[in-house]
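Asker: In full-length UniProt numbering, the protein residues as written are 1 to 331.
C-beta atoms are modelled at their ideal positions from N, C-alpha and C, and glycine is treated no differently.
The structure under discussion is supplied below as structure tokens; questions concerning it will follow.
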Amino acid sequence: MPPKKPPAPQGSKKTEQKKKEKIIEDKTFGLKNKKGAKQQKFIKNVTHQVKFGQQNPRLVAQAEGDKKLKKDDKKKELQELNDLFKPVVVAQKVSKGADPKSVVCAFYKQGQCTKGDKCKFSHDLSLERKCEKRSVYVDGRDDELEKDTMENWDEKKLEEVVNKKHGEAEKKKPKTQIVCKFFLEAIENNKYGWFWVCPGGGDTCMYRHALPPGFVLKKDKKKEEKEDEISLEDLIEKERAALGLNVTRITLESFLAWKKRKRQDRIEKAEEEMERRKADFKAGKSLGVFLFITFCITISVLLLHNGLLHNLLPIASQRILPQPSQFPTLY
């Protein structure tokens, strides 16, 4: 059999489209400007044959319609997903007399504004980077001081704030090296700041409002302690390394044998303890028996001297307890 011919190389879609347009132009040369029904029908048939070949025009139109419907369905699905998961944007309010074009549209920033040029707010994102008009009734430094809290300070910044806030007042006070307890409590509890006032008299407090030498914040101490702490994994590895090489590896068999041996040792120890207690009891060395006998003798002596024992327990006193004449007088 002769070898099969290799398939003809196919060009890109744009090249194929240009070729088809060239063929249509050649076949309908001079007919496009004619308004006759026959000529227009001929042009339509030629265009269809070149573009779609021998396919049925109805099937082609139906396929195009289905393709368009699929695109519309995808758009609707995407729109529904956007509606479900889009972030909630609060309607903007502009103060009276302000120009809305000086405010960036919140919906535009989220990519949801559908008004386009008709939107009364600005779609220029560079407006946010421009400086706002400063109010003569508001001091911007107040906001900066409120935001500048002790949580964001390090030790150097804390010393700087203390020197600025209490430096002049410290010079006027009587010389003492005792640090104010309220000052230390405020620093330890993270309450110290620009607006802190000493409960012990404010600027007239006689104690120092300065950090003692070598003072370390609690959060810094915790960091140092965490750095010094040994993790559980490191501790296990350290203890394993200290065991050395001449050790027995733990397997299931060795563990069961060790467990059985330990159980037998406990049983033997319990038996030995029981035998020892029995021997002590027989020899009268048991502490419990000794205390019981001592207690009984003491009670008996007290009752006998008061003349109560023979009235309450005549039989027991005659058979078990000794007679009063056998005990020495307590007077």
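Buried or exposed for PHE85, going by 16 or more other Cβ atoms inside 10 Å?
Answerer: Locating residue 85 in the sequence shown gives position 85, where the first residue counts as 1. It is exposed - the Cβ of PHE85 has fewer than 16 other Cβ atoms within 10 Å.
Asker: Please determine if the segment 199-218 and the segment 234-249 are in contact, where contact requires at least 3 C-beta pairs separated by less than 8 Å.
Answerer: no
Asker: With H, G and I counted as helix, E and B as strand and the rest as coil, what does DSSP make of GLY208?
Answerer: Position 208 of the sequence shown, counted from the start, is the residue given in the question as residue 208. The displayed chain sequence assigns Arg, not Gly, to residue 208. In the structure shown, ARG208 sits in a strand (DSSP, three-state: E or B).
Asker: Determine, using beta carbons only, whether ASN190 and GLU151 come nearer to each other than 8 Å.
Answerer: Indexing the sequence shown from 1 puts residue 190 at position 190. Indexing the sequence shown from 1 puts residue 151 at position 151. Contact: yes.
Asker: Am I right that SER126 and SER102 are in contact with their C-beta atoms under 8 Å? What's the rounded C-beta distance?
Answerer: On the sequence shown, residue 126 is found 126 positions in, with the first residue counted as 1. On the sequence shown, residue 102 is found 102 positions in, with the first residue counted as 1. Their Cβ separation, rounded to whole angstroms, is 12 Å, which puts SER126 and SER102 out of contact at 8 Å.
Asker: Under 8 Å, with one C-beta from each stretch per pair, do the segment 10-25 and the segment 38-54 reach the 3-pair mark?
Answerer: Yes, since at least three Cβ pairs between the segment 10-25 and the segment 38-54 fall closer than 8 Å, the two stretches touch.
Asker: Can you tell me where the alpha helix (DSSP H) holding ALA283 begins and where it ends?
Answerer: The residue given as residue 283 occupies position 283 in the sequence shown. Unbroken alpha helix (DSSP H) run through ALA283: 252-283.
Asker: Which residue marks the beginning of the alpha helix (DSSP H) containing GLU188, and which one marks its end?
Answerer: In the sequence shown, residue 188 corresponds to position 188, counting from 1. Segment 181-188, the alpha helix (DSSP H) holding GLU188.
Asker: In the DSSP output, which residue or residues are listed as bridge partners for SER122?
Answerer: Numbered from 1 along the sequence shown, position 122 holds the residue referred to as residue 122. In the DSSP output, where bridge partners are listed per residue, SER122 has VAL104.
Asker: Is it buried or exposed, ALA283, if we count other Cβ atoms within 10 angstroms and call 16 or more buried?
Answerer: Within the sequence shown, numbered from 1, the residue matching residue 283 stands at position 283. When all chains shown are included, ALA283 counts as exposed.
Asker: Between which two residues does the alpha helix (DSSP H) holding GLN40 run?
Answerer: Translated into positions along the sequence shown, residue 40 becomes position 40. Taken as a continuous stretch (DSSP letters only), the alpha helix (DSSP H) holding GLN40 covers 37-52.
Asker: Mapping DSSP to helix, strand and coil, what is ASN246?
Answerer: Position 246 of the sequence shown holds residue 246. ASN246 falls in the coil class under three-state DSSP.
Asker: For VAL216, which of helix, strand or coil comes out of DSSP?
Answerer: Locating residue 216 in the sequence shown gives position 216, counting from the first residue. In the structure shown, VAL216 sits in coil (DSSP, three-state: anything other than H, G, I, E or B).
Asker: What's the C-alpha gap between CYS105 and GLY111?
Answerer: Residue 105 sits at position 105 when you count from the first residue of the sequence shown. Residue 111 sits at position 111 when you count from the first residue of the sequence shown. Cα-Cα distance, rounded: 10 Å.
Asker: So, for ILE178: in the same chain, excluding its five sequence neighbours on each side, which residues have a beta-carbon less than 6 Å away from its beta-carbon?
Answerer: Mapped onto the sequence shown, residue 178 falls at position 178. Answer for ILE178: TYR207, listed in chain order.
Asker: Note down, in chain order, each residue of its chain lying with its Cβ closer than 8 Å to the Cβ of VAL46, except the 5 sequence neighbours on either side.
Answerer: Translated into the one-based positions of the sequence shown, residue 46 becomes position 46. Cβ neighbours of VAL46 beyond the five flanking positions: ILE24, LYS27, THR28.
Asker: When you compare only the Cα positions, how much space is there between LYS118 and ASP154?
Answerer: As a first step, residue 118 is located in the sequence shown; it is residue number 118 there, counting from the start. As a first step, residue 154 is located in the sequence shown; it is residue number 154 there, counting from the start. Using only the alpha carbons, I get a separation of about 51 Å.
Asker: Determine the closest residue to residue 332 out of THR114, LEU211, GLU237, with distance taken between C-alpha atoms.
Answerer: Coverage of the chain is limited to positions 1 through 331, which leaves residue 332 absent and any answer about it impossible.
Asker: Assuming contact is defined by CB atoms lying nearer than 8 Å, are TRP194 and ASP234 in contact in what I supplied?
Answerer: If you number the sequence shown from 1, residue 194 lands on position 194. If you number the sequence shown from 1, residue 234 lands on position 234. Cβ distance not < 8 Å, so TRP194 and ASP234 don't count as in contact.
Asker: Where SER12 and LYS19 are concerned, what is the direct C-alpha to C-alpha distance, given to the nearest angstrom?
Answerer: To locate residue 12, count along the sequence shown from 1; it is residue 12. To locate residue 19, count along the sequence shown from 1; it is residue 19. Distance between the alpha carbons of SER12 and LYS19 is about 11 Å.
Asker: State the Cα-Cα distance for the pair GLU77 and LYS14, rounded to the nearest angstrom.
Answerer: Here residue 77 refers to the residue found at position 77 of the sequence shown. Here residue 14 refers to the residue found at position 14 of the sequence shown. Those two C-alpha atoms are separated by around 31 Å.
Asker: Would you identify the three-state DSSP class for LYS71, choosing helix, strand or coil?
Answerer: The residue given as residue 71 occupies position 71 in the sequence shown. Helix at LYS71.
Asker: Roughly how many angstroms separate the alpha carbons of GLU160 and GLY200, rounded to a whole number?
Answerer: If you number the sequence shown from 1, residue 160 lands on position 160. If you number the sequence shown from 1, residue 200 lands on position 200. The straight-line gap separating the alpha-carbon atoms of GLU160 and GLY200 is approximately 22 Å.
Asker: Please classify ALA316: does DSSP put it in a helix, a strand, or coil?
Answerer: Residue numbering aside, residue 316 sits at position 316 when the sequence shown is read from its first letter. Confidence at ALA316 is low in this model, with a pLDDT of 49, below 50, so its placement is unreliable and the value that follows should be read with caution. Note: ALA316 maps to helix in three-state DSSP.
Asker: Could you check if LEU256 is buried or exposed, using at least 16 other CB atoms within 10 Å of its CB as the buried criterion?
Answerer: The sequence position of residue 256 within the sequence shown is 256, counting from 1. That one is exposed.
Asker: Do you know offhand how far GLU239's Cα is from ASP203's?
Answerer: Locating residue 239 in the sequence shown gives position 239, where the first residue counts as 1. Locating residue 203 in the sequence shown gives position 203, where the first residue counts as 1. For GLU239 and ASP203, the distance between alpha carbons rounds to 57 Å.
Asker: Whole angstroms is fine: what's the gap from LEU81's alpha carbon to LYS93's?
Answerer: By 1-based counting over the sequence shown, the position of residue 81 is 81. By 1-based counting over the sequence shown, the position of residue 93 is 93. The alpha-carbon atoms of LEU81 and LYS93 are separated by roughly 28 Å.
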